[in-house]
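*Asks:* Take a look at this one; I'll ask things after.
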Amino acid sequence: MGAPNYLAAYPAEIQQQALALLESGKLAAHLARKYPERHAVQSDAALYDYVNALKQRYLRNAPPVSKVLYDSKIRVVQHALGTNTHVSRVQGGKLKAKNEIRIATVFREAPEAFLRMIAVHELAHLKEKNHDKAFYQLCLHMEPAYAQLEFDVRAWLMVREAAAQS
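Going letter by letter, the sequence shown gives residues 384 to 549 in the working numbering.
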């Protein structure tokens, strides 16, 4: 299979099971049953409101997010599902800092749980820059099913990739 291995970080046994389910067509059916509907967050303005609602609920003391948008330039193949950038600019005699979150456009078509997982991941970067234990604990605080959702997102990406190749 020429598609990127979105499950490369998982044990070989899990990867083999997922590939077997993918090739039999059962993986797509399973994900469709588990996550039957797309979300309604389609515009950048709606995405901004969605992410800020999560931030207000879980990360009130974190720095504000100035921009949240879907970005068609993010390539999922390059292992980026979203980005969190910290932009500093000098304006007059002051240093202005802004946080921007960009989410891959492919998530416009995703189930709401997948969008939430990506938003939680990017919001966690406001407090924890590295993917370490503290980062994942923060993700789990905001979304208790984070680990399962991350796996399911990767499986969903495999299904999409396989469908695009056929």
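Each residue gets a CB set at the ideal place from its N, CA and C atoms; glycine is no exception.
#1: Give the straight-line distance between the Cα atoms of Pro527 and Leu452, rounded to the nearest whole angstrom.
#2: Judging by CA-CA distance, which residue of His508, Ala517, Pro494, Glu533 is the nearest neighbour of Glu420?
#3: Tell me the residue span of the beta strand (DSSP E) that contains Ser426.
#4: When every heavy atom of the ligand ZN is checked, does at least one fall within less than 8 angstroms of the C-beta of Val489?
#5: Whole-angstrom Cβ separation of Val448 and Ile484, contact assumed at under 8 angstroms?
#6: In the structure shown, what three-state DSSP assignment does Ala411 receive?
#7: Looking at Val424 and Glu505, is the spacing between their C-beta atoms short of 9 angstroms?
#8: Which residue comes first and which comes last in the alpha helix (DSSP H) that contains Lys516?
#9: CB-CB under 7 angstroms to Ala411, same chain, minus the five flanking residues each way: which ones, in chain order?
*Replies:* Short version:
#1: Looking at the two C-alpha atoms, the distance is approximately 24 angstroms.
#2: When only C-alpha atoms are compared, the closest one is Pro494.
#3: Run containing Ser426: none; DSSP gives neither H nor E here.
#4: By its list of ligands, the structure shown contains no ligand whatsoever, and the ligand ZN lies outside what it can speak to.
#5: Yes, they are in contact, since the Cβ atoms of Val448 and Ile484 sit about 6 angstroms apart, within 8 angstroms.
#6: It is helical.
#7: Taking 9 angstroms as the cut-off, the Cβ atoms of Glu505 and Val424 do not count as close.
#8: First-last of the alpha helix (DSSP H) with Lys516: 516–525.
#9: The beta carbon of Ala411 sits closer than 7 angstroms to the beta carbons of Val542 from its chain, once the five residues preceding and following it are set aside; these are given in chain order.
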